[in-house]
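Since the structure comes first, as structure tokens, the remarks are kept for the end.
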Amino acid sequence: MSVIKEVFKHNESYTQGFTLGDLPMPPARKLAVVACMDARLTVEEMLGLKTGDAHIIRNAGGIITEDALRSLIISHHLLGTQEFMIINHTDCGMLTFKDEELCAKLRQQTGTATVAPVHFHAFSDVKENVRQQIQKVKLHPWIPKHIPVRGFVYDVKTGRLAEVSV
Ligand SMILES: [Zn+2]
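Under my numbering, residues 20 to 185 are what the sequence shown spells out, in order.
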């Protein structure tokens with residue numbers, strides 16, 4: 020059976036006794052998290068968040084891309100979140116390649132260049148990457164200065180979060 024078939028089937032049992040139908044749209048705990056998409060991170064579990072508590076924005080690397088900024092701006096201005104958290108992690112796949120090398124490989128494999136993505140945002144230092152992402156959020160003119168923006172590295176071996184000093 021394909022995995023999509025399996026998970027779609029699982030959803031049928033998820034609906035049995037479903038009780039989350041009346042949650043309000045704005046996140047109850049007024050938190051927005053940007054985290055890496057790595058399959059070993061279950062953001063809600065590591066932070067003790069429940070459905071309806073927070074916005075979780077995920078991509079490869081937990082990068083503040085244009086699209087992550089779009090989501091954070093909507094999260095704050097339209098849905099009331101008041102604190103932003105960025106989560107990267109140890110052993111991230113983004114540490115294992117370089118943008119130019121991946122671009123060259125894909126151009127060669129497919130025989131074509133593309134207009135997007137312009138960057139893959141690979142990095143070589145997790146803490147430094149977190150600091151750069153914090154800066155991108157803090158410097159954005161549509162994100163109010165009073166919003167705390169804190170960054171963390173999650174250890175995939177221990178489950179522990181460590182804050183990155185700025
Ligand atoms: Zn990662």
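Cβ atoms here follow ideal geometry from the backbone N, Cα and C, with glycine treated the same way.
Note that the coordinates shown come from a computational prediction; the quantities given were computed from them, not determined experimentally.
A54 is classed as buried because its beta carbon has at least 16 other beta carbons within 10 Å across all chains shown. Under a 10 Å Cβ-count criterion, V22 is classified as exposed, with fewer than 16 other Cβ atoms of the shown protein chains found around its own Cβ. Take F116, set aside five residues on each side of it, and the residues of its chain with a beta-carbon closer than 6 Å to its own are A141, in chain order. Here H95 carries a helix assignment [DSSP, helix/strand/coil]. L88 and V156 have their C-alpha atoms spaced approximately 7 Å apart. Nearest neighbour of L66 by Cα position, chosen from G36, E85, V168, I106, turns out to be I106. Taking the Cα positions, L158 is about 21 Å away from H74.
Contact between the stretch 56-65 and the stretch 122-133 is not established, with fewer than three Cβ pairs separated by less than 8 Å.
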